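A quick write-up on the structure given underneath.
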Amino acid sequence: MNIFQAKFDPCIWKVVASIPLGQVMAYGEIARAAGYPGYSRMVSKAMGRCPDPLPWFRVVRSDRTLAFEYGSDSYREQSQLLKLEGIRFEGNKVIAASPLDTVDKMLWGPRD
DNA sequence: CCCTTGACTATCT
DNA sequence: GAGATAGCCAAGG
1378 MNIFQAKFDP
1388 CIWKVVASIP
1398 LGQVMAYGEI
1408 ARAAGYPGYS
1418 RMVSKAMGRC
1428 PDPLPWFRVV
1438 RSDRTLAFEY
1448 GSDSYREQSQ
1458 LLKLEGIRFE
1468 GNKVIAASPL
1478 DTVDKMLWGP
1488 RD
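Laid out in C-alpha cells, this is it:
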C-alpha cells in the first residue's frame, strides 16, 4: 500500500463526512481543512477511491460547479442527491453555503 | 528520469 | 462570464 494515501485518504474522508447536510465544500477547502493545503487534486483522487457511504456529492469545485462532465451519469446522480438535500441550482452551479462561510451568505437567496 | 494524467485552482484575456 | 494558461502534487507508464 502507498504510505501517502494511507494517511491522506482517511483524513480527507473524515472531513467530507463532517460536511453538514445541505452544505457543500470545494476540493481545496477540504484539503486545507484536513491539513493538506494545495492538495486539491489529491482530494479528487481520494474521492474516486472512497468505498465508504460518504456524502461525496457534497464535494464540488471552488466555483461551485460539479466536477463531472455536464450531462454525464455521475453528474445527474450528484445533482439529484444535492437537490434531495434542498440545494438549489443556478444553471450548472449549486447554491449552497460552505461550512466555512458566514451565516450572512446562507441568508442570501432568490426569495425575499 | 521524463512525460502525461487527474472528481483542482487562481489569474489573465 | 467563458476559454486559455500556468501552477499545483502524487501516481503511473
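Residue numbers (my numbering): 1378 to 1489. The beta carbon of each residue, even a glycine, is placed where N, CA and C say it ideally should be. The structure displayed is predicted, hence computed values, not measured ones.
Check                                                                                                        : Outcome
Burial state of L1443 (16 or more Cβ within 10 Å)                                                            : buried
Candidates C1388, R1453, K1460: closest to A1410 by CA position                                              : C1388
Residue from V1401, Y1404, G1399, Y1413 whose Cα sits closest to the Cα of K1384                             : Y1413
Short Cβ contact (7 Å threshold) for L1431 with V1392                                                        : no
Collapsed DSSP secondary structure at R1435 in the structure displayed                                       : helix
Exposed unless 16 or more other CB atoms sit within 10 angstroms - verdict on P1487                          : Low local confidence applies: a pLDDT of 48 at P1487 is under 50, so the model's placement there is unreliable, with the coordinate-based value given in what follows. It is exposed - the Cβ of P1487 has fewer than 16 other Cβ atoms within 10 Å.
Outcome for Y1447 when other beta-carbon atoms lying within 10 angstroms are tallied against a minimum of 16 : exposed
Three-state secondary structure assigned by DSSP to R1426                                                    : coil
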